[in-house]
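**Q**
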Ligand SMILES: NC(=O)c1ccc[n+]([C@@H]2O[C@H](COP(=O)([O-])OP(=O)(O)OC[C@H]3O[C@@H](n4cnc5c(N)ncnc54)[C@H](OP(=O)(O)O)[C@@H]3O)[C@@H](O)[C@H]2O)c1
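Numbering (our numbering), first residue to last: 492 to 823.
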C-alpha cells in the first residue's frame, strides 16, 4: 500500500497543525484518517478541499495505515502506539510517553537525523521547549562545545492545548469586563498574569517541563556533557514560546561569531536589530517554521569571553511539535 496516514488527536492544537502542515508542504499521502476520542466522532475537519469525518480511536484503528502521527497525550500513546506498531505502522509520537526509553530515538532533524534509522517502530518527538532551544544551540555546540546553559522560558498557553487557548481568551474578556473568572484548564488565571509552568514539581524542586529540557537535550546531544538548568514559566501569550538562554562555552566566543554561525544554521532566522530594538517576539514567530534568534550579546559577567546571552522565539505547536514530527516522517 502507499502512504496511509493516521493522525491521533486530530481535533487538538497539535492535530490541527498536522493537517495544516500536510497541506502546506504538499506531503504525499494516499489516505488520511483522523482519530480522536468518542466525543469528536463524526465531527468533520477540512482537508485538501474535502470534509473528513473524525473517527473514534480504538484498538482496530490501525489495520489500514502505515504512518501514525500521534498527539493525544502520553497515556493514549502508551496504550495505542504499540498496537499501531503491531499492525505494521511507524509511529511519530508527540507525547512524552517514549522519549526517554532506551532504544526509542528522540529526534530533532536539524540535530540528530541519523538517529531515526535506529527506530523499532516508534520515533519520539522531543518536548516543545527542548526543540526550540536545541535548533539554535546545536550549531553553536558543534563549533565550540557548550559547558553549561541557564534557560528561562516564557511559554504560551497553547502548550497546554486548545482548551487553554480558549481559556486565555475567555479570562482576558472577563478581566476587561470586570467579571470573576475561574480557570478550569490551567491552575491559575493566565490573562494578565505569569505563573510557574503547570507541570508536576519533583522532590528536587524542578518541574517536569524543566526536567524534560535537561534530560531530553542530553539524549538528543548523545550525552555529551552539557550542564543545564531551567526555569519554565507560562506567560499570557496565545502561541509561540520564548526563551532567554545563557550559554557558557568551552572556549572564548564573540557575538559576531555566534551571528555568523547562526546566519546559515538550518531552521534558524536571525532577528537581531539593536538600532531598531527589534528582537524575537512570539507574535512574529507564530505560524513560522524557523526559530527566531536575537539579543545576541557577550555575557559580561563571564571573565574570559566564554559567555553568550541570547533570546529565542519559536512556534511550539509548529516546530515544537507538528512540523518537527512531519520532518521526521518525511525522512522516514
Ligand atoms: N500544544 C503544544 O504546544 C504541544 C507541543 C508539543 C507536544 N504536545 C503534546 O501533544 C499532545 C497533544 O497536545 P495538544 O496541545 O494538541 O492537546 P489538545 O489540544 O488538548 O488535544 C488533545 C487531543 O487528544 C484527543 N484525545 C484526548 N483524549 C483522547 C482519547 N481518550 N482517545 C482519543 N483521543 C483523545 C483529543 O480529542 P477530543 O477532541 O475528542 O477530546 C484531542 O484531539 C500532548 O501529549 C502534548 O503534551 C503539545
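For glycine and all other residues, C-beta sits at the position ideal for the given N, C-alpha and C.
As the structure is a computational prediction, the values presented were derived from the model and not from experiment.
For residue 562 and residue 795, I'd like the C-alpha separation in whole angstroms.
**A** Approximately 45 Å between the Cα atoms of the pair.
**Q** Could you please go through the chain and list the residues whose beta-carbon is closer than 6 Å to any non-hydrogen atom of ligand 1?
**A** Working through the chain, the matches are 500, 501, 502, 503, 504, 505, 506, 527, 528, 530, 531, 548, 562, 563, 564, 565, 567, 585, 586, 619, 649, 650, 652, 653, 654, 807, 808, 811 and 812.
**Q** Only counting the same chain, and skipping five residues up and downstream in sequence, which positions put a Cβ closer than 7 Å to that of residue 814?
**A** If we look at residue 814 and ignore the five residues flanking it on each side, its Cβ neighbours are 512 and 780.
**Q** Excluding the 5 residues preceding and the 5 following residue 579 in the sequence, name in chain order all residues of the same chain whose CB lies nearer than 7 Å to its CB.
**A** Taken in chain order, the residues that qualify are 557.
**Q** Check residue 568 in the structure and name its three-state DSSP category.
**A** Correct three-state label for residue 568: helix.
**Q** Which residues mark the beginning and the end of the alpha helix (DSSP H) in which residue 770 is found?
**A** Residue 770 -> no alpha helix (DSSP H), and no H or E assigned at all.
**Q** Starting from the C-beta of residue 590, find all residues in its chain whose C-beta is less than 7 Å away, skip the five residues before and the five after it, and write them out in chain order.
**A** Within the same chain, residue 590 has close Cβ partners 597, 615, 617 and 707.
**Q** Using CA atoms only, rank isn't needed, just tell me which of 542, 670, 642 and 584 is closest to residue 818.
**A** Considering only alpha carbons, the answer is 584.
**Q** Which partner residues of residue 698 appear in the DSSP bridge assignment?
**A** According to DSSP, which records beta bridges pairwise, residue 698 is partnered with 692.
**Q** Per DSSP, which residues does residue 738 bridge with? Please list them.
**A** In DSSP, residue 738 forms a bridge with 640 and 799.
**Q** Tell me which residues share the same chain as residue 595 and place their Cβ nearer than 6 Å to its Cβ, disregarding the 5 neighbours each side in the sequence.
**A** Cβ within range, chain order: 589, 613 and 615.
**Q** For residue 732, count neighbouring C-beta atoms within 10 Å of its own C-beta (all shown protein chains included) and say buried if the count is 16 or more, exposed if not.
**A** It counts as buried.
**Q** Which two residues bound the contiguous beta strand (DSSP E) that contains residue 721?
**A** Here the beta strand (DSSP E) through residue 721 covers 718 to 722.
**Q** Which residue's Cα is closest to the Cα of residue 665: 654, 680, 651 and 653?
**A** Residue 665 has its Cα closest to that of 680, out of 654, 680, 651 and 653.
**Q** Could you tell me if residue 610 is buried or exposed, where buried requires 16 or more neighbouring beta carbons within 10 angstroms of its beta carbon?
**A** Buried, since its Cβ has 16 or more Cβ neighbours within 10 Å.
**Q** Would you give the residue range spanned by the beta strand (DSSP E) that residue 524 belongs to?
**A** Its beta strand (DSSP E) spans residues 522 to 527.
**Q** Should residue 755 and residue 761 be called a contact, given that it needs their Cβ atoms to be closer than 7 Å?
**A** In this structure, residue 761 does not lie closer than 7 Å to residue 755 by Cβ.
**Q** Determine, using beta-carbon pairs with one atom in the segment 534 to 547 and one in the segment 501 to 510, whether at least three such pairs fall under 8 Å.
**A** Yes: at least three Cβ pairs fall under 8 Å.
**Q** Between residue 757 and residue 670, what straight-line distance do the alpha-carbon atoms span, to the nearest angstrom?
**A** Spanning the two alpha carbons is a distance of roughly 46 Å.
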